[in-house]
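A short write-up of the structure that comes next.
2 protein chains.
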Amino acid sequence: MTTTAEIATVSATRTVSEVAGESGVAASAVRFYEKHGVITAVRTPSNQRRFNDSAACRIKVAKLAQRVGLTVREIAGVFAGLPPSPGPDDWARVATVLVEHAEARTAELRARLADLRSGTKLCEVVEQID
Amino acid sequence: MTTTAEIATVSATRTVSEVAGESGVAASAVRFYEKHGVITAVRTPSNQRRFNDSAACRIKVAKLAQRVGLTVREIAGVFAGLPPSPGPDDWARVATVLVEHAEARTAELRARLADLRSGTKLCEVVEQID
DNA sequence: CTCGCCGTTGAACATATGTTGAAGTCAAGC
DNA sequence: GCTTGACTTCAACATATGTTCAACGGCGAG
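Next comes the structure, spelled out in structure tokens:
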């Protein structure tokens, strides 16, 4: 059996332009993200890309992830575990991974800045009066 | 009067290679960072660059900042307010700015991920059974 | 004084992240 | 059936972040 939900989620109907519009990036970027595994497409008989609902969302999430320092390759890696049509739980896992990435890097920043501050002579001038 | 500390902090004695060694980047990167305002140099009579103690530290901090999504231009901007030989208080201010940058972006990530999760039909499939 | 080692500059190359343009294909409407 | 518009691929260009290379200059040791 195939439920309405399954039809809706599995069928890939969005064109490049539509995904671009939905996600707020240029069509060229949509093709770029497909090429690099951030999104995936099926092809029509006449070789056109068709994306499902999740494509625009993946791109939006990818743009956010880029802002906290992840590369496209890393983002594609995080998305690699996603099913074609991710559910709320799948997205929650991705969100967790991304936030942990971001927080780990911020923690690293904090810690290393603290190191530099405490480690005499690493960043600080030796405070010698006379 | 010129104190020992002032002599030590103001004099720029490090060569490109030395700063590269201290900071753990290539000599070419040191020149790149100078060109883009992350570090500054004075020139010897024979035109060679000389950096002060803070150069290696600026580079280390810059590398950390890059990891949380800041560009070289942004980092140069953050460092722009620093005196030639920053003291502990100057570094503390820089650290605060960088951590706030990182946390703001992580907060943005969190918030937008939450938006996407809550905003029905943005990322989630409509959960319809039958 | 010559040699070798740094340093200098500028250009070319390399990778990441895209954008733009040219040339061709396909489907839909007049 | 011809035009139009959206799609395709591929190549060139653009920016950010560096690295490598070639050609050249100065300085200290032998």
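Chains as they are written, first to last, in this note's numbering: chain E, 2 to 131; chain H, 2 to 131. Glycine residues also receive a C-beta, built at the ideal position from the N, C-alpha and C atoms. Given the structure is predicted, the values throughout are model-derived calculations rather than measurements.
Neighbour list for A96 (chain H) in chain E, Cβ cutoff strictly below 9 Å = As a first step, residue 96 (chain H) is located in the second sequence; it is residue number 95 there, counting from the start. Per Cβ cutoff of 9 Å: L110, R111, L114, A115, L117 and R118.
Use the C-beta contact count for T45 (chain E): other C-beta atoms within 10 angstroms, 16 or more gives buried, fewer gives exposed.
-> Walking along the first sequence from the start, residue 45 (chain E) turns up at place 44. Exposed.
For V17 (chain H), which three-state DSSP category applies?
-> Taking the first residue of the second sequence as position 1, residue 17 (chain H) is located at position 16. Helix at V17 (chain H).
Those residues which DSSP pairs with F80 (chain E) across a bridge | The residue given as residue 80 (chain E) occupies position 79 in the first sequence. In the DSSP assignment, F80 (chain E) is bridged to no other residue.
Hey, how far is the Cα of V39 (chain H) from the Cα of V73 (chain H)?
-> By 1-based counting over the second sequence, the position of residue 39 (chain H) is 38. By 1-based counting over the second sequence, the position of residue 73 (chain H) is 72. Roughly 7 Å separates the two Cα atoms.
Indicate whether N53 (chain H) and S12 (chain H) have their beta-carbon atoms separated by less than 8 Å.
-> Taking the second sequence and counting its residues from 1, the one referred to as residue 53 (chain H) is at position 52. Taking the second sequence and counting its residues from 1, the one referred to as residue 12 (chain H) is at position 11. S12 (chain H) is positioned such that its CB atom lies closer than 8 Å to that of N53 (chain H).
What residues from chain H crowd round E104 (chain E), counting only those whose CB sits closer than 7 Å?
-> Walking along the first sequence from the start, residue 104 (chain E) turns up at place 103. Within 7 Å Cβ-Cβ: T107.
Who are the near neighbours of K61 (chain H) in its chain, counting only those whose CB is closer than 8 Å to its CB and skipping five residues on each side?
-> For this step, residue 61 (chain H) is matched to residue 60 along the second sequence. The residues are S24 and G25.
For L99 (chain E) and chain H, any beta-carbon pair shorter than 8 Å?
-> Working through the first sequence from its first residue, we reach residue 99 (chain E) at position 98. Output row for L99 (chain E): interface = yes.
Proximal residues to V31 (chain H) (C-beta, below 6 Å), its chain only, five neighbours per side dropped | Position 30 of the second sequence, counting from 1, holds the residue named residue 31 (chain H). Once the five neighbours on either side are set aside, the close Cβ partners of V31 (chain H) are V17, V20 and A21.
Take H37 (chain E) and list the residues in its own chain whose beta-carbon comes closer than 8 Å to its own, dropping the five residues that flank it on each side.
-> On the first sequence, position 36 is the one that residue 37 (chain E) refers to. Closer than 8 Å at Cβ, skipping near neighbours: V73, R74 and A77.
Have a look at E:A108, E:H102, E:P84 and E:S119 and flag the residue whose alpha-carbon is nearest the alpha-carbon of A42 (chain E).
-> Counted from its first residue, the first sequence places residue 42 (chain E) at position 41. It is E:P84.
Sequence-distant residues of the same chain with beta carbon closer than 8 Å to R106 (chain E), five excluded per side = Here residue 106 (chain E) corresponds to residue number 105 of the first sequence, with the count starting at 1. Correct list, in chain order: V69 and G70.
Among residues of its own chain, excluding the 5 on either side of S119 (chain H), which ones have a beta-carbon nearer than 8 Å to its beta-carbon?
-> Looking up residue 119 (chain H) in the second sequence gives position 118. No residues qualify anywhere along the chain.
Assign S29 (chain E) to one of two classes, buried (16 or more other C-beta atoms within 10 Å of its C-beta) or exposed (fewer than that).
-> Walking along the first sequence from the start, residue 29 (chain E) turns up at place 28. The residue in question, S29 (chain E), is exposed, as its Cβ has fewer than 16 Cβ neighbours within 10 Å.
If we cut at 8 Å on Cβ distances, does L65 (chain E) have a partner in chain H?
-> Indexing the first sequence from 1 puts residue 65 (chain E) at position 64. Taking Cβ atoms only, chain H reaches closer than 8 Å to L65 (chain E), which makes this a yes.
Own chain, CB closer than 7 Å to V79 (chain E), minus 5 neighbours either side, in chain order = For this step, residue 79 (chain E) is matched to residue 78 along the first sequence. Take V79 (chain E), set aside five residues on each side of it, and the residues of its chain with a beta-carbon closer than 7 Å to its own are V95, V98 and L99, in chain order.
Grab me the residues of Q67 (chain E)'s own chain with a C-beta within less than 8 Å of its C-beta, minus the 5 sequence neighbours each way, in chain order.
-> Position 66 of the first sequence holds residue 67 (chain E). If you ignore the 5 residues before and after Q67 (chain E), its C-beta comes within less than 8 Å of the C-beta of V73 and I76, all in its own chain and listed in chain order.
When the cut-off is 8 Å and only beta carbons count, does P89 (chain H) lie next to chain E?
-> As a first step, residue 89 (chain H) must be located in the second sequence, where it is residue number 88. With respect to chain E, the C-beta atom of P89 (chain H) has a partner C-beta closer than 8 Å.
Status (buried if at least 16 other CB within 10 Å, exposed otherwise) for P87 (chain H) | Start at 1 with the first residue of the second sequence, and residue 87 (chain H) comes out as number 86. Around the beta-carbon of P87 (chain H), 16 or more other beta-carbon atoms lie within 10 Å, marking it buried.
What residues are listed by DSSP as bridge partners for V1 (chain H)?
-> Past the boundaries of the shown model lies residue 1 (chain H); chain H is included only from 2 to 131, so the question cannot be answered.
Cβ-based neighbour list, T14 (chain H), same chain, cut-off 7 Å, excluding 5 preceding and 5 following | Locating residue 14 (chain H) in the second sequence gives position 13, where the first residue counts as 1. Within the same chain, Cβ atoms closer than 7 Å to the Cβ of T14 (chain H) are found at R51, the five residues on either side in sequence being excluded.
Work out the CA separation of S47 (chain H) and A103 (chain E) for me, nearest whole Å.
-> Here residue 103 (chain E) is taken as the residue at index 102 of the first sequence, counted from 1. Here residue 47 (chain H) is taken as the residue at index 46 of the second sequence, counted from 1. Cα atoms of A103 (chain E) and S47 (chain H): separation of roughly 45 Å, rounded to the nearest angstrom.
Could you check the C-alpha separation between A63 (chain E) and R111 (chain E) for me, to the nearest Å?
-> If you number the first sequence from 1, residue 63 (chain E) lands on position 62. If you number the first sequence from 1, residue 111 (chain E) lands on position 110. Between A63 (chain E) and R111 (chain E), the alpha-carbon positions lie close to 25 Å from each other.
Leaving aside the five residues before and after E109 (chain H) along the sequence, list all residues of the same chain whose C-beta is less than 7 Å from its C-beta, in chain order.
-> Here the question's residue 109 (chain H) lines up with position 108 in the second sequence. Cβ neighbours of E109 (chain H) beyond the five flanking positions: none.
If you draw a straight line from the C-alpha of R59 (chain E) to the C-alpha of L65 (chain H), how long is it?
-> Counting from one through the first sequence, the residue named residue 59 (chain E) turns up at place 58. Counting from one through the second sequence, the residue named residue 65 (chain H) turns up at place 64. Each residue's Cα considered, the two are about 27 Å apart.
In the DSSP assignment, find the alpha helix (DSSP H) that holds A27 (chain H) and state where it starts and stops.
-> By one-based count along the second sequence, residue 27 (chain H) stands at place 26. Where A27 (chain H) is concerned, there is no enclosing alpha helix (DSSP H), because DSSP gives it neither an H nor an E.
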